[in-house]
Ligand code: SF4
Ligand code: SF4
């Protein structure tokens, strides 16, 4: 994890570096989804999200109606009370967690509602297989927050050269 994390720390605000990587991966035809899945799995075997939790600290996740129902039930609250206490509607009209860092993030970087967490948290950073294509326009922004994603993009960019 250390290598991945340190590389991200040195490059996350380097627009030129990010633009170049983005250019390398933006031709979707060049990227094999199978390769994207392999690299995604490789990187997440090396990365340790519990040493990072930067997504939980920086990006309020989308919370769907289905997520709200599931989480509220787990917290023994009504869905309406959960939504009022924990969520807001953002500028895109999506319901998201109200505050960042996430109120369910524990001090040891574990998620206090892990089993019932929003789908957006389960799927972040949307980088395995076909998800890599579907979210290609968001990767550059997300790479500023996610060390694993930046590493996936870097390895994929190298693999397509
Ligand atoms: S719900 Fe859990 S996984 Fe999602 S942002 Fe909050 S702490 Fe992180
Ligand atoms: S930002 Fe990326 S590497 Fe860090 S905890 Fe989230 S998914 Fe894992």
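Residue numbers (the working numbering): 439 to 599. Note that the Cβ used here is the ideal one computed from N, Cα and C, for glycine as well. In this text the structure is predicted, and so the values were computed from the model without any measurement.
Cα-Cα, which of the options is closest to residue i?
i: residue 616; options: 481, 562 and 550; result: Because the chain here runs from 439 to 599, residue 616 falls outside it and cannot be looked at.
i: residue 444; options: 593, 588 and 594; result: 588
i: residue 487; options: 548, 503, 577 and 530; result: 548
i: residue 495; options: 556, 543 and 568; result: 543
i: residue 483; options: 501, 579 and 566; result: 566
If you follow the alpha helix (DSSP H) that residue i is in, where does it begin and where does it stop?
i: residue 569; result: 568-572
i: residue 462; result: 453-463
i: residue 448; result: 440-449
i: residue 591; result: 585-597
i: residue 555; result: Residue 555 -> no alpha helix (DSSP H), and no H or E assigned at all.
Which one or two residues does DSSP pair with residue i in a beta bridge?
i: residue 549; result: 543
* **Runs of alpha helix (DSSP H) lying entirely within the region 475-538, each at least 4 residues, in chain order** => If only uninterrupted alpha helix (DSSP H) runs of at least 4 residues are considered, those enclosed by the region 475-538 are 492-496, 503-512 and 517-524.
* Closer than 7 Å from C-beta to any heavy atom of ligand 2: which residues, in chain order? -> Ordered along the chain, the selected set is 485, 487, 490, 491, 492, 493, 494, 562, 563, 583, 584, 585, 586 and 587.
* **Any residue whose CB is nearer than 6 Å to a heavy atom belonging to ligand 1, listed in chain order** => Having a Cβ closer than 6 Å to some heavy atom of ligand 1 are 494, 499, 540, 542, 543, 549, 551, 555, 556 and 559.
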